[in-house]
Amino acid sequence: MLGLVKRWRALSSRGIMGINRRNADYVLKYNERRFYPLVDDKIITKHKALAAGISVPALYGIIETEQQIKHLPKMLGARQDFVIKPAQGAGGDGILVIGGKLGQDYKTTSGKRVKSSEIEYQLSGILTGLYSLGGHRDRALIEYRVTPDNIFRSISFDGVPDIRIIVLMGYPLMAMLRLPTRLSDGKANLHQGAIGVGVNLASGITLRGTWLNDKISHHPDTGSAVDGVQLPSWERFMQLAASCYELCHLGYIGVDMVLDQEQGPMLLELNARPGLNIQIANDCGLTLRTQAIEAHIEQLRAQGITETPEQRVKFSQNLFGHLATTLPPG
Ligand SMILES: Nc1ncnc2c1ncn2[C@@H]1O[C@H](COP(=O)(O)OP(=O)(O)O)[C@@H](O)[C@H]1O
Ligand SMILES: [Mg+2]
Numbered sequence: 001m002l003g004l005v006k007r008w009r010a011l012s013s014r015g016i017m018g019i020n021r022r023n024a025d026y027v028l029k030y031n032e033r034r035f036y037p038l039v040d041d042k043i044i045t046k047h048k049a050l051a052a053g054i055s056v057p058a059l060y061g062i063i064e065t066e067q068q069i070k071h072l073p074k075m076l077g078a079r080q081d082f083v084i085k086p087a088q089g090a091g092g093d094g095i096l097v098i099g100g101k102l103g104q105d106y107k108t109t110s111g112k113r114v115k116s117s118e119i120e121y122q123l124s125g126i127l128t129g130l131y132s133l134g135g136h137r138d139r140a141l142i143e144y145r146v147t148p149d150n151i152f153r154s155i156s157f158d159g160v161p162d163i164r165i166i167v168l169m170g171y172p173l174m175a176m177l178r179l180p181t182r183l184s185d186g187k188a189n190l191h192q193g194a195i196g197v198g199v200n201l202a203s204g205i206t207l208r209g210t211w212l213n214d215k216i217s218h219h220p221d222t223g224s225a226v227d228g229v230q231l232p233s234w235e236r237f238m239q240l241a242a243s244c245y246e247l248c249h250l251g252y253i254g255v256d257m258v259l260d261q262e263q264g265p266m267l268l269e270l271n272a273r274p275g276l277n278i279q280i281a282n283d284c285g286l287t288l289r290t291q292a293i294e295a296h297i298e299q300l301r302a303q304g305i306t307e308t309p310e311q312r313v314k315f316s317q318n319l320f321g322h323l324a325t326t327l328p329p330g
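Residue numbers (full-length UniProt numbering): 1 to 330.
Have a look at this one:
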């Protein structure tokens, strides 16, 4: 705990953003309430993304009522691997990643046996709103299970790593690779126990990581170095993240993406209240960056200019690409 306090203090001199500032100056200011439903429901996000030509894990089906739960086998057909997810869930809760069958039963990607009755129970829990924001009744989506690119083999334990980019008015601000651990049970959410690793915006090369609020250089389960890894398709990830502004019209978002072995970069979800831990992973505060982008937008506005996603990515890379590694020590 003391280590964490020390780190936040050190970061505050580098423009760290706290929760109050995030809410008042960014979430409330840049995110219009009427656009929230699009990002707060993963089924709606998926349909919107597909319409915009952005690739997402294929939707196998939606379960909306208790009666539909028994139709799951028909929905799956011959498919043995799939993911069950609450449409309005968050933080990795309620997600079941199934990697195959064990006789009549299923198994998760980490090898745990799951009985059909447990899957039905999970679906029922999702419908009653056990995992949804505000406890509202929810829908369950059944989707394609992403197979992570081989690059992650040595730096991830089971599951699928994801790439989070925070975007302000379409300009990428900061990026983080999240790596599942034994503890996080195949999910890449930090409070499930995944590792957050900073990423240089210009190159897509990883920086050091943070795990359970400790600074780390190696994956605790695999022992491999997490820094210095070149993420493939980096330009595509940046473009995808930047273009999500046109997709959802929210000015301050966290874009979660994955790299599928066969299908490449995919959008997983959008967050209208992205967490602040990304700053620890990058050893860098968000505020200096948000202010630089706001000043840039102000200047453009005075000249009547709006930039394309390509121009916005270039701007962010030029400005922030080198910063993450060259800031003076705390
Ligand atoms: N289709 C999928 N295939 C494999 N793993 C997935 C899939 N969808 C989600 N996951 C895992 O679960 C994590 C959380 O998923 P996400 O859709 O971002 O939901 P949440 O809102 O709960 O964070 C992802 O980071 C990833 O590790
Ligand atoms: Mg997520």
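Glycine is no exception: its CB is placed at the ideal position from the N, C-alpha and C atoms.
Practice item. Rounded to whole angstroms, what's the CA-CA distance from D149 to D260? Just pull it up for me. Key: Their backbone Cα atoms lie some 6 Å apart in a straight line.
Check your understanding: Can you give the Cα-Cα distance for R113 and I98, rounded to whole angstroms?
Key -> Between the C-alpha atoms of R113 and I98 there is a straight-line separation of about 10 Å.
**Study point:** Sufficient close CB pairs (3 or more, under 8 Å) joining the segment 182-195 to the segment 152-163
**Key:** Enough Cβ pairs lie closer than 8 Å, so yes.
Review point. Rounded to a whole number of angstroms, what is the C-alpha to C-alpha distance between R301 and A51?
Key: Cα-Cα distance, rounded: 29 Å.
Point to revise | Residue span of the beta strand (DSSP E) that contains I142, given as start and end | key: From DSSP, the beta strand (DSSP E) with I142 extends over A140 to E143.
Review point. Around the C-beta of E143, are 16 or more other C-beta atoms found within 10 angstroms, so that it is buried, or is it exposed?
Key: Buried, because 16 or more other Cβ atoms sit within 10 Å of the Cβ of E143.
Review point. For R164 versus D93, is the C-beta distance shorter than 9 Å?
Key: No, the pair does not count as a contact, with Cβ atoms beyond the cut-off.
**Study point:** Short Cβ contact (9 Å threshold) for A225 with V199
**Key:** Going by C-beta atoms, A225 is not nearer than 9 Å to V199.
Check your understanding: Going straight from the alpha carbon of I297 to that of R312, what length do you get?
Key -> When the Cα atoms are used, I297 and R312 turn out to be separated by approximately 10 Å.
Review point. For D162, is the beta carbon positioned less than 8 Å from some heavy atom of ligand 2?
Key: Yes, the beta carbon of D162 sits closer than 8 Å to at least one heavy atom of ligand 2.
Point to revise | Residues bridged to F82 [DSSP beta-bridge criterion] | key: Partner(s): I98.
**Study point:** Own chain partners of N31 with C-beta closer than 7 Å, once the 5 adjacent residues on each side are dropped
**Key:** The beta carbon of N31 sits closer than 7 Å to those of L250, G251, Y252 and A272, all from its chain and outside the five residues before and after it, given in chain order.
Review point. Is C284 closer than 9 Å to R14 when the C-beta atoms are compared?
Key: The beta carbons of R14 and C284 sit closer together than 9 Å.
Exercise for review: Within its chain, find whatever has a CB closer than 7 Å to the CB of G46; leave out the 5 residues flanking it on each side and keep chain order.
Suggested key: In the sequence as displayed, the identity of residue 46 is Lys instead of Gly. Within the same chain, Cβ atoms closer than 7 Å to the Cβ of K46 are found at V56 and L59, the five residues on either side in sequence being excluded.
Check your understanding: Closer than 8 Å: is that where the CB of D256 sits relative to any heavy atom of ligand 1?
Key -> The answer is yes for D256.
Point to revise | Per DSSP, cross-strand counterpart(s) of I163 | key: Per DSSP, the beta-bridge partners of I163 are L177 and M257.
Check your understanding: If we ignore side chains and look at the alpha-carbon of each, how far apart do G18 and L173 end up?
Key -> In this structure, the CA atom of G18 is about 16 Å from the CA atom of L173.
Practice item. Mind checking who A225 pairs with in its DSSP beta bridge? Key: Among the bridge pairs identified by DSSP, A225 is matched with H218.
Practice item. Identify whether R33 lies in helix, strand or coil by the three-state DSSP scheme. Key: Reduced to three states, the DSSP call for R33 is helix.
Practice item. Report the option in T290, I151, E307 and M238 whose CA atom is closest to the CA atom of E262. Key: Check the Cα spacing between E262 and each of T290, I151, E307 and M238: the tightest is with I151.
Review point. Looking only at its own chain, which residues have a Cβ that is under 7 Å from the Cβ of L319, when we skip the five neighbours before and after it?
Key: Closer than 7 Å at the Cβ level, and outside the excluded window around L319, lie A292.
**Study point:** Inter-residue CB distance, H136 and L179 (contact presumed, cutoff 8 Å)
**Key:** 31 Å between Cβ atoms; not a contact.
Check your understanding: Going by other Cβ atoms of all chains shown within 10 Å of its Cβ, with 16 needed for buried, is E310 buried or exposed?
Key -> By the beta-carbon neighbour count (other beta carbons within 10 angstroms, threshold 16), E310 is exposed.
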